[in-house]
Structures are given as structure tokens and as C-alpha cells.
Amino acid sequence: MLVAGAAAMQDYARQKSRGEAGRVRHAAVAAECKAALARLHGAGVSAEDIGLVASASDGINQVCGTIDFAPGDNVVVNDLEFPSVALPWLRLRERDVEVRVVRRKEWDISTEALLAAVDGRTRLVALSHVSFMNGLRHDVESIGKALEGTSTLFLMDTTQSLGVLPVSATVADFVVSSTYKWLLGTHGLGVLYWNRARRPDVEPGAIGWYSIADTFAPLREGSYTLKPDAGRFETGFVSYPAIYALHAAVPRLLEVGVGRIAVHVLALGEQVIKGLDALGLEVMTPRAAGRRGASVSFSHPRAVEVGAALAERNVLVWAGDGRVRASTHLFNDAEDVARYLEALAAVLPAMKR
């Protein structure tokens, strides 16, 4: 998290104490944050296409609520997905909706395999741009093009890519992301992009006072009108402290340039892969730069212990579920990677005993 993000959260507290004047400032910060996020989502995206929700999981469930599933329908996911990208659809099996899980071959899933699972009853393809499991980056442009103009919705989760890799959100119908990872924000906030040009007639499954055009119309007139933009997915106030932190972070990412960040982290990833190879470890992440994100994983039966031993050396990774994942961002450099590899070399012999 940026120092500027922490300072922004303190500014939120000051604004909160100003009553209605602070509330006006909250709205301005949220609007500016949406405009910056729109730029991160690529060409053709405007601030009106961006909704701020409670989390990426909340956004996924919001998209689930837009679909009127019928028995015999199906949803396509894969077995390298983050749980939240699959859970809402697994729940639908009790309504005779089929969940088609495309299985990996070794640590890879091809575009062809994903599209082969789609048929005339497929209501949705839910896919992470980059897998949390091993950093596999999918060809979302080809998938989006194949699904465009069909009855199958394309939901893309960019939690592992937005802010560190270029994202072209318009290839999908909906895009969700967490904000506490590569966006350098904090917890309690998610981003939801709605491709209004591709799917103009969408009604959320949930509704609240913040998702309608006239807050008091339901009481006065007994009716309501949803907001015309992605604000219709915002049922109520979300975490303004988190919005303030994100508002401080996203402009920094834009200033550096996501293209430059991507070149930087992919080069560091190549350095990580070479080092893991030298240590004789099983690398789970694709080697080609165009097929991976900013994380590199290797499998290990004692992953949790490896992670704990690295933390004792002040090397912070994610470790569990049989793998160790190291992630690099714009604030990392080759020296950080070298320290990681040196620490691994030091702690791994003890794991063999």
C-alpha cells in the first residue's frame, strides 16, 4: 500500500467530520476515482461504465443476478480459477444448471479447450484474465471475439492483472476486480465494469437506494428508475476509506504507465523462473512472457513451511495449497528477486529432511 494511500484515508476521516460538506467531497473523490479506473480498463471505457462494489466477489454475484437461468443451461469455468469465480455457479446446480469445468493439462488451459466447452445453452463463461493459481494469462481477446454477438455472457476477473498488465475490458460483457492487490488499494472495495454497448439491457439482481435515479421516488410515487450507467450495481455506500486510498494509487499507476510496468515485471518474472530452474523446482507458471502475469509459482509439498521460513528472512510470498507464489510489481527490482532466490536456496535444504 502506498504511503499516499494511508494519507488519503486520513483525509477521508477529516472529511467525514465535516458533515454534508465532507459528503460532497466523498462523491467528488469517487467520481475522480472512477474516471482514473476507466483509463486503466483500456480504450472505449468511460467513468459511467464503472461501478464500485464491496469486492470482486460481490461483483461476480451481481453479474450472476442479471441472468435468468433455466434448467439445462450451463456455465463454463476451469480448474485453475479462484473460488469466487466458480462458487455462484456451483450453487446453481440445485436448479439443474450444469457447471462445466475445463480441466488443465499439466499447468495449462488452452483457448480452444475453453471455447470447445461452449454450446447453445451456455449462459456464461467466467474466467480470470490471469490465474491466481499459477499466473497463466488467457487470450481474452480471442475468447471475447468468439463470444461476441452470441447469447453467452463473458465475465472476466482482472484481480490478478488490472494495474500491472494492460487490460482491454471491452472484450468482455462484465469485468470485476479486487482493489487490494495490483491496484495498491485496500480491502473493502471492488470494481465492476459493465459493457453497456455490448449488453445494454441488464437489470441487477439486487437493488438499493443508491442504484436508482431518484432516491425518494419509491416512497412518493411507488415506482423507481435504475441509474442508466454502472451505478445501478451500487446498492448503497461502499467503503469510502478504500475509495480514498484507491484514488491516491491509480493515478500513480497511470503516471508510470501500465505498459512500462508490464515490461518491468515480466522481465523480473523471467529472472525468477531461471532461478527456480537452477534450484531444481517445478515451475507451474508459463515461461512465455505473453502467457503469464506478474506472479511466478512453483509446487512444493511443504509450501506453508517454505513461506514461513522465507518470512523469517523478510521475504514475503504467498505459500499454501501445495505451491509458493512470488509476485513482483513496479516497486520491486532485480535485487529483490536475487534476495528471494538466495533465501530459497538457504531454506529449501531443511525442507527435504
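Counting with the numbering used here, you get residues 15 to 367 for the letters of the sequence shown. All residues carry an ideal CB built from backbone N, CA and C; glycine is no exception.
Nearest Cα to V310 within the set I123, T172, M147, A359: M147.
The three-state secondary structure of V91, taken from DSSP, is strand.
Contact between A323 and V361 holds: their C-beta atoms lie close to 4 Å from each other, under 8 Å. Of the residues A262, T299, G273, V270, the one whose Cα lies closest to the Cα of E284 is T299. Of the residues assessed, L280 falls on the buried side of the cut-off, its CB having 16 or more other CB atoms within 10 angstroms.
Counting the other CB atoms within 10 Å of its CB gives K195 a total of 16 or more, which places it among the buried residues.
When only Cα atoms are considered, T239 and T249 end up about 13 Å apart. Counting only residues of its own chain and dropping the five nearest sequence neighbours on each side, L16 has a CB closer than 7 Å to the CB of L198, A262, A263, R266.
The three-state secondary structure of E162, taken from DSSP, is coil. A distance of 9 Å or more separates the beta carbons of L54 and V252.
Here V318 really is in contact with A333; their C-beta atoms are around 6 Å apart, less than 8 Å.
A Cβ-Cβ contact shorter than 9 Å links N88 with R114.
In the three-state reduction of the DSSP assignment, T136 falls in the strand class, which pools E and B. In the displayed model, K30 falls within a helix according to three-state DSSP. Between I81 and the set L358, V205, I257, T166, the nearest pair of CA atoms involves T166.
The Cβ atoms of K48 and Y254 lie no closer than 9 Å to each other.
Contact between L128 and V139 holds: CB atoms are separated by about 7 Å, below the 8 Å threshold.
Here H40 is not near G307, since their CB atoms are 9 Å or more apart. Judged by DSSP in its simplified three-state form, K288 adopts helix.
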